[in-house]
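Participant:
Chains as they are written, first to last, in my numbering: chain A, 46 to 525; chain B, 46 to 525.
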């Protein structure tokens, strides 16, 4: 019901003076139907994470700057600091560096801080999931947000951590994406995604074995990581720009192109190790990769869902072993939709202990927007209600309230019509909200102790006894 | 496994140089077992909200300052602004006021902005729930956090909104707290909470009718709101300090003390209206209150769970009709655990339309900490895993992985033991994590195609056929 008085004002007077748009880069909010889809994805992830024994944690959005910067200066140009806009005297005034605060830009440093804060209350290996918002003051551009939900799992050990945790990760990724894509029509293809696995030591060991200088190894990793984006020719050029010889860069390119079944790739790697002069780190990498792949297979992940991809390097410096990327087949331009790896020196920083870990991350806000834009996933209905109890006569409102409560007690989501509007308008409301079933009770129905159940999806309307209401509606919901 | 090398360092060298504690007021993070309890409460709220047709939304943590300040300057001394710590040139440089940003301090202004941003995509009345983090730069003290989760529902209409939405709110509150407290032993009492309902127009109408000057009405509301905290005598004094006469303040105190069944209170109010000279607003308030109470009763909320409490005023200026508070019986010092009310001029501010609404809010972070501190609720187990598959012999790892996957496919949460540790250590791990069941498979069991299922709660161990594993464990979980 609009106010006709306001409606009739000239437009210029209606114009709101306040710019109520979200700030640049913070245009992340979803419509109800989209938010319900996000919630559905969060539910899937949570269910799978918990099936593997991961426990939820949540860390504050705000940490001390020195904590956020503990991993080196990598976050410096993306960290937002927070300050009260007035009344600064209400805040601790000592102005010590220790009291400067910023918004977290990832979940890894906060995990390290969480472990340090609760070291004696946690059980190790510590397997946690975390699906909080993170904040990055990056240049805003389409598809890059300054706030987004990042869904992470990590297992962290004290001193050492079995490689089987690395093997578990692809099983978790597969289970999540199988569940997310399970409703998609078959023409999308059976294997919709591909988990690409590699091991940093395989790469660095190979680089060392072909006599790449130790101080160039990191650069090589970073350049190889760009293969997907810039292609073979440019990678070769880039390598040579960094002092890698023509022969070496050709060897690197050829190496990343070794493909085939995991068995075949592992066999070729072993063969290659025999040809190299100092393959010790390379062999360590192969051994690790073999153990991880064996575990993935033992966990029942079918071979069309994962592969060894020697071109997977991951740009981040801290990975030391297994690395993962996940590509959506046919939508490779989206980039990796789930990535991660094994690290050694990341989460023990505050404790002062060696705490190796392995984990993955899904940038959910961006991924969900991409999947909806590409029509791979479509929003749910705007309302969670499964039934709308229509309001035919205001005098019967107590009946409508009681019927609604009876249905709710059976676990059914019910919207009760409180506005006395024409029935057509009420159907329209149910339809707009995506509510599939309407319960219609007027004087006549009440006298005969029945009601009419209208299915808006099929258009059918059936009379049912009020006593059978819960059973009939439960059945109708099942058959939707 | 600690690194003995680091362990043996003198303590001074181990001492982490970085202060990894959360900043003051941001010490909000829960241990895994506590976080799982929070998740349990969030699940309950979500289920109830959705049963009443509320749809989830989430707005960004960051809004333009002019949006956050649109409701007047009430937020000014609690708003945090955000700014990049370096590279400010990466941010929009125009420096216009419109680009200044802050963290949201409640969910109401963001709801108003959300509605304005998506007006044509929403269906009205718009019923939404929102359980996001909010940020308040208040003086930090025990139990007051600078970041906390606020769980809100609101229904917003265009132009008008049925009072039945007000009636639905106590039903929702009751259903939530019934579910939250359902596991508590009976000695806590049957009615564990009390929803106290009032109507602002009953108060303001009464104040007007006893000739309190219009410019004092707001003050009277604020002072009456302090009754619970400072008591009758001080309220009287405070009223008189604001120019309310001795007689008037006595009348106000007496008025707030009208108690009894809802029927009795409504009868007394009607009687009182007959005695007053200009009771028009008072009568409007009584009529609204009557309709709301009738709805609450029709919705099946039993009378031991709610009452009319004429001392409930709510401090916030924007309430115009129904107001609610909820008290935990025996723990009144916790204050109201769920409050809200009806407002007229709150969420239409950006749209420039009249958009009446009614809603409630639960400050979950604080409430949960209080309920745990008071031992009213206790944390869940630290791990969501229901079963741990022990690692007796590393060579059998493929079996352990397969058994784990079989159980997961049946929807069971499983932790697989990856570390080869003595079995006692593994039981200890399961126990620390609160995992009730352990599956034990060694060479002998494997040969006889059986396994041992140990129930850590009862200490019993039973041999079961591997083929019956899923059925037996599902049964054991059911009987926990």
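Quick reminder that beta carbons are idealized off the backbone N, C-alpha and C, glycines included.
What you are looking at is a predicted structure, and each value in this text was computed from that prediction instead of being measured.
When you compare the CB positions of residue 15 of chain B and residue 331 of chain B, do they come within less than 8 Å of one another, or not?
Facilitator: The structure shown does not extend to residue 15 of chain B, since chain B is modelled only from 46 to 525, so the question has no answer here.
Participant: Is the Cβ of residue 227 of chain B closer than 8 Å to any Cβ of chain A?
Facilitator: Indexing the second chain from 1 puts residue 227 of chain B at position 182. False, the Cβ-Cβ gap to chain A never drops below 8 Å.
Participant: With a threshold of 7 Å on Cβ separation, who are the neighbours of residue 524 of chain A within its own chain once the five nearest residues in sequence on each side are excluded?
Facilitator: By one-based count along the first chain, residue 524 of chain A stands at place 479. So the list is empty, once near-sequence residues are dropped.
Participant: When the Cβ atoms of the region 65-81 of chain A are set against those of the region 425-444 of chain A, are three or more pairs found closer than 8 Å?
Facilitator: A contact exists between the region 65-81 of chain A and the region 425-444 of chain A.
Participant: Would the region 437-448 of chain A count as touching the region 333-346 of chain B if we require 3 or more Cβ pairs under 8 Å?
Facilitator: Contact holds: three or more Cβ-Cβ distances are below 8 Å.
Participant: Less than 8 Å between CB atoms is the rule here; does residue 222 of chain B satisfy it with respect to chain A?
Facilitator: Sequence index remark: in the second chain, residue 222 of chain B carries index 177 (1-based). No, residue 222 of chain B does not count as interfacial toward chain A.
Participant: Taking the alpha-carbon of residue 384 of chain A as reference, which of A/313, A/214, A/265 and A/336 has the nearest alpha-carbon?
Facilitator: If you number the first chain from 1, residue 384 of chain A lands on position 339. Of the candidates A/313, A/214, A/265 and A/336, the one whose C-alpha sits nearest the C-alpha of residue 384 of chain A is A/214.
Participant: Roughly how many whole angstroms lie between the Cα atoms of residue 100 of chain B and residue 73 of chain A?
Facilitator: Translated into the one-based positions of the second chain, residue 100 of chain B becomes position 55. Translated into the one-based positions of the first chain, residue 73 of chain A becomes position 28. Rounded to whole angstroms, residue 100 of chain B to residue 73 of chain A spans 17 Å at the Cα level.
Participant: Does the separation of the CB atoms of residue 150 of chain A and residue 123 of chain A fall below 8 Å?
Facilitator: Stepping through the first chain from its first residue, residue 150 of chain A is reached at position 105. Stepping through the first chain from its first residue, residue 123 of chain A is reached at position 78. A contact, by the Cβ cut-off of 8 Å.
Participant: If residue 96 of chain A sits next to residue 459 of chain B, beta carbons under 8 Å apart, how far is it from one beta carbon to the other, in whole angstroms?
Facilitator: Along the first chain, one-based indexing puts residue 96 of chain A at 51. Along the second chain, one-based indexing puts residue 459 of chain B at 414. Indeed, because the Cβ distance is near 7 Å, the residues count as touching under 8 Å.
Participant: Give a yes or no on contact between the region 375-384 of chain A and the region 411-419 of chain A, applying the rule of three or more CB pairs nearer than 8 Å.
Facilitator: Touching, per the Cβ criterion.
Participant: Residues of chain A with CB closer than 9 Å to the CB of residue 412 of chain B, please, in chain order.
Facilitator: Here the question's residue 412 of chain B lines up with position 367 in the second chain. The premise fails here: residue 412 of chain B is roughly 16 Å from chain A at the closest Cβ pair, so nothing lies under 9 Å.
Participant: Taking beta-carbon pairs under 9 Å, can you tell me which members of the region 162-185 of chain A lie near chain B?
Facilitator: Residues passing the 9 Å Cβ filter: 162, 163, 166, 167, 168, 169, 170, 171, 172, 173, 177, 178, 180, 182, 183, 184 and 185.
Participant: For my contact list, residue 347 of chain A and residue 197 of chain A are in at a C-beta cut-off of 8 Å; report their separation, rounded to the angstrom.
Facilitator: For the purposes of this step, residue 347 of chain A is taken as residue 302 along the first chain, with counting starting at 1. For the purposes of this step, residue 197 of chain A is taken as residue 152 along the first chain, with counting starting at 1. Going by Cβ atoms, the distance from residue 347 of chain A to residue 197 of chain A rounds to 26 Å, so no, they are not a contact pair.
Participant: Using a Cβ-Cβ distance cut-off of 8 Å, determine whether residue 403 of chain B contacts chain A.
Facilitator: Position 358 of the second chain, counted from the first residue, corresponds to residue 403 of chain B. Chain A contact via Cβ: absent.
Participant: Does the Cβ-Cβ distance between residue 401 of chain B and residue 202 of chain B come in under 8 Å?
Facilitator: The residue labelled residue 401 of chain B in the question sits at position 356 within the second chain. The residue labelled residue 202 of chain B in the question sits at position 157 within the second chain. A contact, by the Cβ cut-off of 8 Å.
Participant: Using a 10 Å radius around the Cβ and a threshold of 16 neighbouring Cβ atoms, would you call residue 212 of chain A buried or exposed?
Facilitator: By 1-based counting over the first chain, the position of residue 212 of chain A is 167. The residue is buried, with at least 16 neighbouring Cβ atoms inside 10 Å.
Participant: Out of curiosity, what's the CA-to-CA distance linking residue 514 of chain A and residue 506 of chain A?
Facilitator: Your numbering for residue 514 of chain A matches position 469 in the first chain. Your numbering for residue 506 of chain A matches position 461 in the first chain. Approximately 14 Å, taken between the alpha carbons.
Participant: Please look up how many angstroms separate the CB atoms of residue 322 of chain B and residue 254 of chain B, rounded, as I've assumed it's under 8 Å.
Facilitator: Numbered from 1 along the second chain, position 277 holds the residue referred to as residue 322 of chain B. Numbered from 1 along the second chain, position 209 holds the residue referred to as residue 254 of chain B. Residue 322 of chain B to residue 254 of chain B, Cβ: 7 Å. Contact.
Participant: As an exercise, report each continuous alpha helix (DSSP H) stretch of at least 4 residues that is fully enclosed by the region 313-375 of chain B, in chain order.
Facilitator: Listed in chain order, they are 325-343.
Participant: If you count every other CB in all the chains shown that lies within 10 Å of the CB of residue 467 of chain B, and 16 or more means buried, which is it?
Facilitator: Counted from its first residue, the second chain places residue 467 of chain B at position 422. By the neighbour-count rule (16 or more Cβ atoms within 10 Å), residue 467 of chain B is not buried but exposed.
Participant: Around the C-beta of residue 471 of chain B, are 16 or more other C-beta atoms found within 10 angstroms, so that it is buried, or is it exposed?
Facilitator: The sequence position of residue 471 of chain B within the second chain is 426, counting from 1. It counts as buried.
Participant: Alpha carbon to alpha carbon, how far is residue 304 of chain A from residue 354 of chain A?
Facilitator: As a working mapping, residue 304 of chain A is identified with position 259 in the first chain. As a working mapping, residue 354 of chain A is identified with position 309 in the first chain. Spanning the two alpha carbons is a distance of roughly 7 Å.
Participant: Report the residue from B/449, B/350 and B/246 whose alpha carbon sits nearest the alpha carbon of residue 433 of chain B.
Facilitator: Residue 433 of chain B sits at position 388 when you count from the first residue of the second chain. Nearest of B/449, B/350 and B/246 to residue 433 of chain B, Cα basis: B/449.
Participant: Going by DSSP, name the residue or residues bridged to residue 94 of chain B.
Facilitator: For the purposes of this step, residue 94 of chain B is taken as the residue at position 49 of the second chain. Note: residue 94 of chain B sits in no beta bridge, so no partner.
Participant: Are residue 532 of chain B and residue 488 of chain B closer than 8 Å when you measure CB to CB?
Facilitator: Since the displayed chain B opens at 46 and closes at 525, residue 532 of chain B lies outside it and no answer follows.
Participant: Along the region 481-513 of chain A, where does the CB come closer than 9 Å to a CB of chain B? Name the residues.
Facilitator: Against chain B - using a Cβ distance shorter than 9 Å - the region 481-513 of chain A contributes no residues.
Participant: Roughly how many whole angstroms lie between the Cα atoms of residue 276 of chain B and residue 145 of chain A?
Facilitator: In the second chain, residue 276 of chain B corresponds to position 231, counting from 1. In the first chain, residue 145 of chain A corresponds to position 100, counting from 1. Residue 276 of chain B and residue 145 of chain A: Cα-Cα distance of roughly 41 Å.
Participant: Give me the Cα-Cα distance between residue 187 of chain B and residue 325 of chain A, rounded to the nearest whole angstrom.
Facilitator: Along the second chain, one-based indexing puts residue 187 of chain B at 142. Along the first chain, one-based indexing puts residue 325 of chain A at 280. C-alpha separation (whole angstroms): 56 Å.
Participant: Quick one: is residue 369 of chain B near chain A, going by C-beta distance under 8 Å?
Facilitator: For the purposes of this step, residue 369 of chain B is taken as the residue at position 324 of the second chain. Output row for residue 369 of chain B: interface = no.
Participant: Name the residue from A/510, A/474, A/499 and A/500 whose alpha carbon lies nearest to the alpha carbon of residue 490 of chain A.
Facilitator: Your numbering for residue 490 of chain A matches position 445 in the first chain. It is A/510.
Participant: Does DSSP put residue 407 of chain B in a helix, in a strand, or in coil?
Facilitator: For the purposes of this step, residue 407 of chain B is identified with residue 362 of the second chain, where counting begins at 1. Here residue 407 of chain B sits in strand by DSSP.
Participant: Give the residues of chain A in contact with residue 65 of chain B, contact being defined as C-beta atoms less than 7 Å apart.
Facilitator: Your numbering for residue 65 of chain B matches position 20 in the second chain. Residues of chain A passing the Cβ test: 112, 158, 161, 162 and 395.
Participant: By Cβ distance below 7 Å, which residues in the same chain neighbour residue 267 of chain B in space, the five residues on each side in sequence not counted?
Facilitator: Residue mapping note: residue 267 of chain B aligns to position 222 of the second chain, counting from 1. 360.
Participant: Judging by CA-CA distance, which residue of B/482, B/365 and B/68 is the nearest neighbour of residue 113 of chain A?
Facilitator: Translated into the one-based positions of the first chain, residue 113 of chain A becomes position 68. Nearest C-alpha to residue 113 of chain A: B/68.
Participant: Return no unless some Cβ of chain A is closer than 8 Å to the Cβ of residue 47 of chain B.
Facilitator: Here residue 47 of chain B corresponds to residue number 2 of the second chain, with the count starting at 1. Confidence at residue 47 of chain B is low in this model, with a pLDDT of 37, below 50, so its placement is unreliable and no value can be given for it.
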